[in-house]
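Below is one structure, written out as structure tokens, with a few remarks after it.
Numbering (the numbering used here), first residue to last: 6 to 190.
What follows is the structure, encoded as structure tokens:
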């Protein structure tokens, strides 16, 4: 019986490797490379039932990459796009109670219910927002924004960015952690 199992396993390996050898080998092309979808940033819900994850695709004609975020039961099942089919969303994070999700869209911080409804933009910053982190109490979200080191407020950052854009120059901007209200108060 043991010899039969070994013979069966050896036959399977031989057949599998012969079909691999029979495949036409060719170098990877640019089209192959851009067709690859990257799955990233899985975030398990606080109750462990759902998972958020990003799927990055390339749009060659538009010359950009897009990340779409999906929600799916951890045990399997149908994934749905969060918050909707038309929005490119990244860095989605669960609130501590699992009822809301913060995310980055259009370079700004947003918050919405788990079903994607009641979306609200929390920031409108020249340097954008990234890296949202919920406070354990769920009443605040910290995030990172690019700022000019000599500026103390958003108006100064906007003026500096406008002047830099008009002159076609690049300027030094630093990243700063900023606490923000989560839209509740």
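Where a beta carbon is used, it is the ideal one built from N, C-alpha and C, also for glycine.
Query: Taking one C-beta from the segment 41-60 and one from the segment 95-114 each time, how about it: are there three or more such pairs within less than 8 Å?; Result: yes
Query: Can you name the residues that DSSP bridges to residue 142?; Result: Bridge partners of residue 142: none, in fact.
Query: For the structure I just gave you, are there three or more beta carbon pairs, one from the segment 89-96 and one from the segment 32-39, closer than 8 Å?; Result: no
Query: In or out: residue 98 buried (at least 16 other Cβ within 10 Å) or exposed?; Result: buried
Query: I think residue 46 touches residue 96, with their Cβ atoms under 8 Å apart; what is that distance to the nearest whole Å?; Result: 7 Å
Query: Hey, residue 119 and residue 109 are a contact pair by Cβ (cut 8 Å); roughly how many whole angstroms apart?; Result: About 17 Å; that fails the 8 Å criterion.
Query: Go ahead and label residue 116 buried or exposed: buried means 16 or more other beta carbons lie within 10 angstroms of its beta carbon, across all protein chains shown.; Result: buried
Query: Could you pull out every unbroken alpha helix (DSSP H) segment of at least 4 residues lying fully inside the segment 56-143, listed in chain order?; Result: none
Query: How about residue 114 and residue 131: do their beta carbons lie closer than 7 Å?; Result: no
Query: Rounded to whole angstroms, how far is the Cβ of residue 85 from the Cβ of residue 75, which I believe are closer than 8 Å?; Result: 7 Å
Query: Among 70, 28, 161, which residue has its Cα nearest to the Cα of residue 153?; Result: 161
Query: To the nearest angstrom, report how far apart residue 140 and residue 125 are at their CA atoms.; Result: 18 Å
Query: From the DSSP output, read off the bridge partner residues of residue 45.; Result: 59
Query: In angstroms, rounded to a whole number, what distance separates the CA positions of residue 142 and residue 43?; Result: 32 Å
Query: For residue 58, which residues from the same chain have a beta carbon less than 8 Å from its beta carbon, with the 5 sequence-adjacent residues on both sides left out?; Result: 44, 45, 46, 47, 48, 74, 75, 77
Query: Beta-carbon within less than 7 Å of residue 123's beta-carbon, same chain only, minus the 5 sequence neighbours each way: which residues are those?; Result: 117
Query: How would you write the range of the alpha helix (DSSP H) that residue 37 sits in, first residue to last?; Result: 35-40
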